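Read through the structure below, which is laid out as structure tokens, and then see the notes.
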Amino acid sequence: MIVNVQDPSLEAHNLTVIYHRKPVLWNIDFSLPKGEIIGIMGPNGAGKSTLLKAILGLAPLNSGHSRIFGKPLNEVRKKVSYIPQRQTIDWDFPASVTDVVLMGRYPSLGLFKRITKKDREIAQQALEQVNMTEYANRQISQLSGGQQQRVFLARALAQQADLYLLDEPFVGVDASTEAAIVQLLRNMKNEGKTIVVVHHDLHTAADYFNWLVLINASLIASGPTEKVFTDELLRNTYSGKLTVLSQVGDVMREQNFPVREK
Amino acid sequence: MTTQQLIGFFLLEEPNVQMVVAGTLLLCGMAALVGCFTFLRKRSLVGDAVSHSVLPGICLAFLLSGEKNPLILLLGALATGLLSLILMEALSRNRLTRPDTAISLMLSFFFGLGILLLTYIQHQGNASQAGLDKFIFGKAASITEADVQLFLISGIIITAAVIVLLRGFYLISFDEDYARVTGFPIKLLRLALSVLTVWTVAIGIQAVGVVLMAALLITPALAARFWTHSIGKMLIIAAIFGMISGYTGSFVSYLAPAMPTGPWIVVVATIIAVFSMLLAPDRGLYARFKIRSRNREKTLLENILKLFYQIGEKSNHLQGTILEEDLLNHRAFATEELQSGLKKLTQQGLLEHSLLDYRLTNKGLAEAQRVVRLHRLWELYLQRYLHLEPDHVHDDAEAMEHVITPEIEAQLELILGNPETDPHNTIIPPRA
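Protein sequence lines, in the order shown, are assigned to chains A and B. Sequential numbering from 1 applies to the first sequence in this note's numbering. Sequential numbering from 1001 applies to the second sequence in this note's numbering.
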């Protein structure tokens, strides 16, 4: 069940990543619609985060390419906002909440342009949207997990992008923050934004996402949630019968084989 | 040492003193500035390895040019420092070694190579080589006017580069992936930072030597981090700390000419760092200790008030008079602690003290009632929602009752729906 769309927000063509041992992404090929909340799901080690990173040029591609709004990433970087996993960041860094949200303005400011009053207003609005206004001057090391995630979301909002890629935003986050984030994502969708979320909780998937991408090293399914969220497809995704593929990947790496014959 | 000599130092009368002071101030200041990013990017050990790796470059530059021109030596230092940095990154990126192994390997290899070359030079019988060995432990006293000119130009360029590229350096130190996705020139920024670091090291070793150079990078940054949460302030504070260390170091070695400047600079910088660890507001040890002792006192006072209430409950006279022994009979307070607690409560107007006994004032009763109420609400909450047995809830509630904000209290009330009794069937007093 792989549904392709016309005029996609994000498309991947033959993406293959062998990322020092596992996880392996194998020949991932899909296209995603615009203006939807899209979930990327799969078991642990299925390569969900690696897929985001491969699309964003953060993981080395062994083959394939991706396009965003029909263009290579380099031409649309300002339109793309990435929210990395909160745990990958050192939160004991000398920065206030406002400092981090203002980083969302850096892409349009570049290295040298000064931060203007307008930028500060945009940052403040972003903080309002995630309900963190009263924490504006707080040092980031004093935030709870949920608050850190909201700050990251505010940074993405301040960027005023069209495509948002979130890597496991609900991990280690309290229930009220999760609900607030979901509501915010829906508001963003209503404004025509496209949101792609790496997620692992099956219970909430059908509720949160309009479109689902199921992967386990290779692409199992991509399509509207009502078509993809079926017992059979989920079983295929989570049954782990792709171990042979991973083994091939391991052997190729060990013996230094190329992934594609050239 | 006469007073006149001391005054002479402060007035910088001797040209030699002028050079040493100007030199150390410049190089300590810029090392602290650049070192902030080494510190924030968690590259302290890389800084140490790079410092050791400039030694062979200096020797090679001398061998090739046959003279001790500071600019040529600087170029040699830059060459091997950067080479070592590149090799370290390549080794760990290609997973040939772990990062810590790569650092250790390059540090010892380049330093060893430097010592070899130095020994070779010394046995060559070239008279102009005298003083090259100062690069191992540093010798600030030999800083010349030509050196200071080079330091000044370097200092201006390095400071300007840090200011101009601050946003980029800040972003790659905090979240490199984000910087890369948004199209910041990561490679260029990293290269710029590397060049600035190696350059600073190559200059700084004149005063402190390759062995101690990492301290000039890291220690002021570490100290500064304790005092502020803002990167701009951190850079300024670090530079000031670095310069204080440099100035004090040259002062000490002026007082006692046998004393080496470099090690003194490092000792002073470390003293400043230790002082910051102890005394900085918020993050310092003393601040943390004060918070802990304030919490302990709050707990003590609230426990005493609670006891007054509980004894009063039994005798049906909430504001009855109570002797110190009564309190001690009910709860194992340390006598001294109890006495100081009673004294504080009396001062705060929560207790009334007559010759022998104490009783709750109206204000004290309200406060006692609040604490008891919170304790019993918590017990109920723990029993209902954490499914703890009634005989297990007391100790947890005992700790929690002291940290309740009014908002949490309101939430507790909302969840529990204003109950009247706790798990032990004692009455929960109403809100005062």
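Backbone N, C-alpha and C fix where the C-beta goes; we use that ideal spot for every residue, glycine too. The structure displayed is predicted, hence computed values, not measured ones.
Partner residues on chain B for residue i, Cβ-Cβ distance less than 9 Å
i, result
"A:Ser218", "Neighbours of A:Ser218 on chain B: none; closest Cβ ~25 Å, over 9 Å."
"A:Val80", "Val1181, Thr1182"
Any chain A beta carbon closer than 8 Å to residue i
i, result
"B:Met1234", "yes"
"B:His1424", "no"
"B:Thr1159", "no"
"B:Tyr1178", "yes"
"B:Leu1165", "yes"
"B:Arg1225", "yes"
"B:Val1162", "no"
"B:Thr1228", "yes"
"B:Gly1242", "no"
Cβ neighbours of residue i in the same chain (closer than 7 Å, five flanking residues each side left out)
i, result
"A:Arg67", "Glu11"
"B:Thr1361", "Gly1349, Leu1350, Leu1351, Glu1352"
"B:Gly1076", "Gly1057, Ile1058, Leu1060, Ala1061"
"A:Ser108", "Lys78"
"A:Asp207", "none"
"B:Phe1434", "Examination of residue 1434 of chain B is not possible in this model, given that chain B is present from 1001 through 1432 alone."
CB contact check: residue i to chain B, cutoff 8 Å
i, result
"A:Tyr164", "no"
"A:Tyr135", "no"
"A:Arg278", "Since the first residue of chain A shown is 1 and the last is 262, residue 278 of chain A is not available in this structure."
"A:Pro107", "yes"
"A:Pro84", "yes"
"A:Gln149", "no"
"A:Ile68", "no"
Where residue i meets chain A, residues with beta-carbon distance less than 7 Å
i, result
"B:Tyr1381", "Chain A residues near B:Tyr1381: none, gap ~17 Å exceeds 7 Å."
Where residue i meets chain B, residues with beta-carbon distance less than 8 Å
i, result
"A:Met103", "Leu1171, Phe1174, Asp1175, Tyr1178"
"A:Glu93", "What sits at residue 93 of chain A in the sequence shown is Phe, not Glu. In chain order: Leu1040, Ser1173, Phe1174."
"A:Ser96", "His1229, Ser1230"
"A:Ile89", "Phe1174, Asp1175"
Neighbourhood of residue i by C-beta, 6 Å cutoff - its chain only, sequence neighbours within 5 removed
i, result
"B:Leu1085", "Val1050, Ser1194"
"B:His1375", "Ala1397, Glu1401"
"B:Thr1024", "Ala1140, Ala1207, Gly1246, Ser1250"
"B:Val1266", "Leu1212, Ala1215"
"A:Leu289", "The structure shown does not extend to residue 289 of chain A, since chain A is modelled only from 1 through 262, so no value can be given for it."
"B:Leu1087", "Met1106"
"B:Glu1407", "none"
Contacts around residue i, its chain only, beta-carbon distance under 8 Å, and the 5 residues preceding and following it disregarded
i, result
"B:Gln1383", "Glu1389, Pro1390, Val1393, Pro1423"
"A:Leu32", "Val5, Pro8, Ser9, Leu10, Glu11, Ile38, Thr194, Val196, Trp211, Val213, Ser222"
"B:Leu1416", "Leu1377, Leu1380, Tyr1381, Arg1384"
"B:Phe1184", "Gly1168, Leu1171, Ile1172"
"B:Ile1244", "Val1268, Ile1272"
"B:Leu1071", "Leu1150"
"A:Ser176", "Gly146"
"B:Glu1014", "Gly1008"
Contact set between residue i and chain B, taken where Cβ atoms lie within less than 7 Å
i, result
"A:Leu56", "Val1181"
"A:Leu234", "The contacting residues do not exist; A:Leu234 stays about 30 Å from chain B at best."
"A:Gln139", "His1229"
Closer than 8 Å at the beta carbon, the chain A residues around residue i
i, result
"B:Gly1168", "Leu111"
*asked:* With three or more C-beta pairs closer than 8 Å as the rule, is the stretch 1008 to 1026 of chain B touching the stretch 1254 to 1269 of chain B?
replied: yes
*Three or more C-beta pairs below 8 Å linking the stretch 1045 to 1062 of chain B and the stretch 1167 to 1176 of chain B*: Using a Cβ-Cβ distance cut-off of 8 Å, the stretch 1045 to 1062 of chain B and the stretch 1167 to 1176 of chain B are not in contact, since fewer than three pairs of beta carbons, one from each stretch, lie closer than that value.
*Below 8 Å, can you find three or more Cβ-Cβ pairs linking the stretch 133 to 148 of chain A to the stretch 86 to 93 of chain A?*
yes
*Taking a cut of 8 Å between CB atoms, which residues from the stretch 1019 to 1049 of chain B lie near chain A?*
Leu1040, Lys1042
*asked:* What are the residues in the stretch 1267 to 1290 of chain B lying within 8 Å of chain A by C-beta distance?
replied: none
*Can we say the stretch 1264 to 1281 of chain B touches the stretch 1222 to 1231 of chain B, given the rule of at least three CB pairs closer than 8 Å?*
yes
*Contact between the stretch 1146 to 1162 of chain B and the stretch 1197 to 1207 of chain B (3+ Cβ pairs under 8 Å)*: The stretch 1146 to 1162 of chain B makes contact with the stretch 1197 to 1207 of chain B; the number of CB pairs closer than 8 Å reaches 3 or more.
*Touching or not, the stretch 118 to 130 of chain A and the stretch 150 to 168 of chain A, by the rule of three or more beta carbon pairs under 8 Å?*
Yes: at least three Cβ pairs fall under 8 Å.
*Looking at C-beta atoms only, is the number of pairs between the stretch 161 to 170 of chain A and the stretch 65 to 84 of chain A that lie closer than 8 Å three or more?*
yes
*asked:* Check whether the stretch 1030 to 1050 of chain B and the stretch 1230 to 1238 of chain B are in contact - that is, three or more C-beta pairs closer than 8 Å.
replied: yes
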